[in-house]
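**Q** So the sequence lines, in the order shown, correspond to chains A and B.
Under the working numbering, think of the first position of the first sequence as 32, with each following residue one higher.
Under the working numbering, think of the first position of the second sequence as 24, with each following residue one higher.
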Amino acid sequence: MRPAMQFVDTASKFQSSVNVSKDDTSVDGKSIMQMSMLAATCGTRLKIKAEGADAAEAVEALRELVEVKKFGEPTPEEKSRQAK
Amino acid sequence: MEIKKGVAVSPGISIGKCLVIDAEDYRIPRRLIEPSQRLTETQRVRNVFKDAIEELTKLQAEQEEIEGQKMKDIFAVHLSYLRDRTLRKKITDMITAESVTAEFAVSKTLRDIASHFAKVKDTYISERAADIYDIEHRLLRNLVGGKRQDIAALKEEAIVVARELSPTQTASFNKEYIKGIATGAGGRTSHTAIVARSLGIPAVVAVEDITESVNAGDTVIIDGNRGIVIVNPDDSTIQQYLEYAVEYTELEHRLDTIREKPAETRDGVRVTLFGNIEFPDEAQGVLQKGGEGIGLYRTEFLYLNRDTEPTEQEHYEAYSKTVAVFKSRPVVLRTVDLGADKYTQSRRYAREPNPFLGLRSIRYCLQNLTMFKTQLHAIMRASVLGDLRIMFPLITNLQELMQAKMVLGDVMEDLDEEGIPYNRKIKVGIMIETPAAALTASMLAKDVEFFSIGTNDLTQYTLAVDRGNELVSTLYSSVDPAVIRLIRTVIQDAHKGRVEVSVCGEMASEPESVMLLLGLGIRKLSIAAPMIPEIKQIIRSVTVEECNKVARKVLGMNSERQISSFLRDAARKILPEAF
Numbered sequence: 032m033r034p035a036m037q038f039v040d041t042a043s044k045f046q047s048s049v050n051v052s053k054d055d056t057s058v059d060g061k062s063i064m065q066m067s068m069l070a071a072t073c074g075t076r077l078k079i080k081a082e083g084a085d086a087a088e089a090v091e092a093l094r095e096l097v098e099v100k101k102f103g104e105p106t107p108e109e110k111s112r113q114a115k
Numbered sequence: 024m025e026i027k028k029g030v031a032v033s034p035g036i037s038i039g040k041c042l043v044i045d046a047e048d049y050r051i052p053r054r055l056i057e058p059s060q061r062l063t064e065t066q067r068v069r070n071v072f073k074d075a076i077e078e079l080t081k082l083q084a085e086q087e088e089i090e091g092q093k094m095k096d097i098f099a100v101h102l103s104y105l106r107d108r109t110l111r112k113k114i115t116d117m118i119t120a121e122s123v124t125a126e127f128a129v130s131k132t133l134r135d136i137a138s139h140f141a142k143v144k145d146t147y148i149s150e151r152a153a154d155i156y157d158i159e160h161r162l163l164r165n166l167v168g169g170k171r172q173d174i175a176a177l178k179e180e181a182i183v184v185a186r187e188l189s190p191t192q193t194a195s196f197n198k199e200y201i202k203g204i205a206t207g208a209g210g211r212t213s214h215t216a217i218v219a220r221s222l223g224i225p226a227v228v229a230v231e232d233i234t235e236s237v238n239a240g241d242t243v244i245i246d247g248n249r250g251i252v253i254v255n256p257d258d259s260t261i262q263q264y265l266e267y268a269v270e271y272t273e274l275e276h277r278l279d280t281i282r283e284k285p286a287e288t289r290d291g292v293r294v295t296l297f298g299n300i301e302f303p304d305e306a307q308g309v310l311q312k313g314g315e316g317i318g319l320y321r322t323e324f325l326y327l328n329r330d331t332e333p334t335e336q337e338h339y340e341a342y343s344k345t346v347a348v349f350k351s352r353p354v355v356l357r358t359v360d361l362g363a364d365k366y367t368q369s370r371r372y373a374r375e376p377n378p379f380l381g382l383r384s385i386r387y388c389l390q391n392l393t394m395f396k397t398q399l400h401a402i403m404r405a406s407v408l409g410d411l412r413i414m415f416p417l418i419t420n421l422q423e424l425m426q427a428k429m430v431l432g433d434v435m436e437d438l439d440e441e442g443i444p445y446n447r448k449i450k451v452g453i454m455i456e457t458p459a460a461a462l463t464a465s466m467l468a469k470d471v472e473f474f475s476i477g478t479n480d481l482t483q484y485t486l487a488v489d490r491g492n493e494l495v496s497t498l499y500s501s502v503d504p505a506v507i508r509l510i511r512t513v514i515q516d517a518h519k520g521r522v523e524v525s526v527c528g529e530m531a532s533e534p535e536s537v538m539l540l541l542g543l544g545i546r547k548l549s550i551a552a553p554m555i556p557e558i559k560q561i562i563r564s565v566t567v568e569e570c571n572k573v574a575r576k577v578l579g580m581n582s583e584r585q586i587s588s589f590l591r592d593a594a595r596k597i598l599p600e601a602f
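1. According to the Cβ coordinates, are V359/B and L399/B closer than 8 Å?
2. Can you check the stretch 261-302 of chain B for any alpha helix (DSSP H) of at least 4 residues that lies completely inside it and give the ranges in chain order?
3. What is the C-beta distance between R352/B and L319/B, in whole angstroms, given that I count them as a contact (C-beta under 8 Å)?
4. Quick one: what does DSSP say E523/B is sitting in, helix, strand or coil?
5. Sorted by chain position, which residues of the same chain lie with C-beta nearer than 6 Å to A226/B's C-beta, five sequence neighbours on each side aside?
6. If you pair each beta-carbon of the stretch 545-556 of chain B with each one of the stretch 514-534 of chain B, do three or more pairs fall below 8 Å?
7. With a threshold of 16 other CB atoms inside 10 Å of the CB of K27/B, please say whether the residue is buried or exposed.
8. Just the Cα atoms here: how many angstroms apart are I453/B and F474/B?
9. Starting from M454/B, trace the beta strand (DSSP E) in both directions and tell me its first and last residue.
10. Would P504/B and E456/B be called neighbours here (beta carbons separated by less than 8 Å)?
11. Who are the neighbours of Y104/B on chain A, taking C-beta pairs under 7 Å?
12. Can you pull the chain A neighbours of T65/B, defined as C-beta to C-beta under 9 Å?
13. Can you give me, in chain order, the residues of the stretch 122-142 of chain B that have a beta carbon less than 7 Å from any beta carbon in chain A?
14. Would you give the residue range spanned by the alpha helix (DSSP H) that M36/A belongs to?
15. Determine, for R76/A, whether the minimum Cβ-Cβ distance to residues of chain D falls below 8 Å.
16. Could you tell me which residues DSSP pairs with M414/B in its beta bridges?
17. Quick one: residues in its chain with C-beta nearer than 8 Å to the C-beta of K142/B, no 5 flanking neighbours on either side, listed in chain order?
18. Does DSSP classify F196/B as helix, strand or coil?
19. Let me know if E64/B comes out buried or exposed under the rule of 16 or more other beta-carbons within 10 Å of its beta-carbon.
20. Alpha carbons only, please: which of E25/B, I418/B, Q426/B is nearest the one belonging to P9/B?
21. Based on Cα-Cα distance, which residue from A84/A, A81/A, G83/A, T56/A lies nearest to A71/A?
22. Of all the CB atoms in chain B, is at least one closer than 8 Å to the CB of T72/A?
23. Could you check whether V243/B and I253/B sit closer than 8 Å to each other, using their CB atoms as the reference points?
24. Please look up how many angstroms separate the CB atoms of I510/B and S525/B, rounded, as I've assumed it's under 8 Å.
25. CB S221/B to CB I300/B, shorter than 8 Å?
26. If we cut at 8 Å on Cβ distances, does V20/A have a partner in chain B?
27. Enumerated in chain order, which unbroken segments of the beta strand (DSSP E) with a length of 3 residues or greater are wholly contained in the stretch 472-514 of chain B?
28. Give, in chain order, every residue of the stretch 383-400 of chain B whose Cβ lies closer than 9 Å to some Cβ of chain A.
29. From Q390/B to F324/B, what distance separates their C-alpha atoms?
30. Quick one: grab the DSSP three-state call for I63/A.
31. Going by the beta-carbon positions, is the gap between V157/B and H101/B smaller than 8 Å?
32. For a test of the three-state rule: what should DSSP assign to T419/B, helix, strand or coil?
33. Under 8 Å Cβ-Cβ, which residues of chain A neighbour D157/B?
34. Excluding the five sequence neighbours on either side, which residues of its own chain have a C-beta within less than 8 Å of the C-beta of V58/A, listed in chain order?
35. With T206/B as the anchor, note down where its beta strand (DSSP E) starts and where it stops.
36. By Cβ distance, which residues of its chain are closer than 6 Å to T566/B, with the 5 residues on each side in sequence left out?
Structural data, given as structure tokens:
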């Protein structure tokens, strides 16, 4: 749930509307309820769409959170490596 | 008309309109509202979100230091949910579209989300359902919160229907308006039952799905003698019950006539009958019913229906008020028995994984000496006003008893220094309510003046059954062979050690158990005031010889079922009206 919260927090910093879709479900990226109900587990492919004045920045910030910072959490592979 | 069966815990019949108290952990019945009410309900949703955010922010700040990052994160997620506009909109839209109450819309929406999570294969996500339930509870608690306070301020007669009532809620009941109680949870010894009995309010507990079966304002009959709740009875049933109620009142009056007569068996053995109370106001009721003193004053109730902890002066006033009613007759104060299902103001949020085996009762007092000493100081100050006695609860070993007595000694020294008079020879006793205390009664007897057997906890701990859990409550029985053997041991050791012994648990007020207790050697019982006449009637109808025979027979039986049906038959022969 914490990643979903981070995502929503980041998305909410921008004026643009943020839309996230997984398969054929698409939700409001600023709503924790909708985001967490997407049930996007590690490895899920998400499509992020933003519309508005700061749309480009919003998409970039969210991409960075998901792909680069990885929510500041170790991936399952890293976790199992740590456990060993 | 719907007839529902439960457990009869407080005798009497009442018929009236019901008031449904929505509690935490259950389905809120779908109740339709008038279209004009939609605006009010949506506003209630907005307010409750605001309140919950405030509450959680405060809680988060408090938790930070204690639990560290993890709790903070959990609360952050909850807060984030509460701030989610689309969630709020979903709820308010539902109210507008379907004309349902705020409670229903909140509960339905969040439960849908939770079950959505629960279905996800990934365990991390499916376990998040618990978070959603937690958010739901918080919102409902706040939504219902206002109504709960209304109970204390209730200005018309009503029958209270709830899933479960907390000791705090029952403590604020006003007898004048609350005519009957029906709850979904609970057993004979739940606090709802205890308080209902002592206030003389007919009550039935453990009624399955009771909150789902009624709507606020429905007519309900509570039959506290037979454990029946009838929802929306037809006219002939109401008529029948009105007649039955009259008959029952006549029986009560007949019993009242024996008030002045002594509790003496047919062969002339005198038995002492004391009353159990929670509040000083109840003392008068004990006297009216023919009680000869107070055998158990549950002083922790002083903590339960208020927001701040009581001061020493407040303790003193409660105790002196009680003693004033009984003058030179005994009043046994049990020192605060908090923890487990009853909490102090400061500990409401610090829940333990296994509270009945945790920091409760005397253990809690011995770790919170300031609070403990405050109470003992007040007791000792009041001790000059009459025959006050001190009783320590939940003793499990001699060391605890010695520690408690040492604290009492310290308080006496303080009083000496302050020049405040007190009764130096105050009688000190303990509750025997753990198997450990029962088995070591011969050792404990050397350092006390009296034992009081608390059969509720003794049964719970001996049989390892949670008395409030309806899934196992059928296993809970004070006449289980194991419990009876422990009680017999305590009585024998008390006699050998020459200390007084009495029984103050619910068992003492069950007509079917009285003969057994007398047969085991008990001559002193402490019970809820409304039960005194009935129990006295039983005592006056038997001989000790008969009771000894009953006890001997019971000790030879090897199943709880056999024992309880044998005891019921024996009692029915003596007082058929009561069954």
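A virtual CB, placed ideally from N, CA and C, is assigned to each residue, including glycine.
**A** Taking the definition as stated:
1. no
2. none
3. At roughly 14 Å, the Cβ-Cβ gap does not stay under 8 Å, so R352/B and L319/B are not in contact.
4. strand
5. V32, S33, I204, A219, G247
6. yes
7. buried
8. 5 Å
9. 450-455
10. no
11. I63, M64
12. Ordered by position in chain A, no residue passes the 9 Å Cβ test against T65/B, which lies about 18 Å from the chain.
13. I136, H139
14. 33-43
15. Of the protein chains in this structure, namely A and B, none is chain D.
16. R357/B, G452/B
17. S149
18. coil
19. buried
20. There is no way to answer for residue 9/B, as the model of chain B reaches only from 24 to 602.
21. T56/A
22. yes
23. yes
24. With 8 Å as the limit, I510/B and S525/B do not qualify as a contact, their Cβ atoms being about 12 Å apart.
25. yes
26. Past the boundaries of the shown model lies residue 20/A; chain A is included only from 32 to 115, so the question cannot be answered.
27. 473-476
28. none
29. 20 Å
30. helix
31. It is worth fixing the name first, because residue 157/B is Asp in this sequence and not Val. In this structure, H101/B lies closer than 8 Å to D157/B by Cβ.
32. coil
33. In chain order: nothing, as chain A lies at least about 12 Å away.
34. N50, V51, S52, Q65, M66, M68, L69
35. 201-206
36. T288, R289, D290
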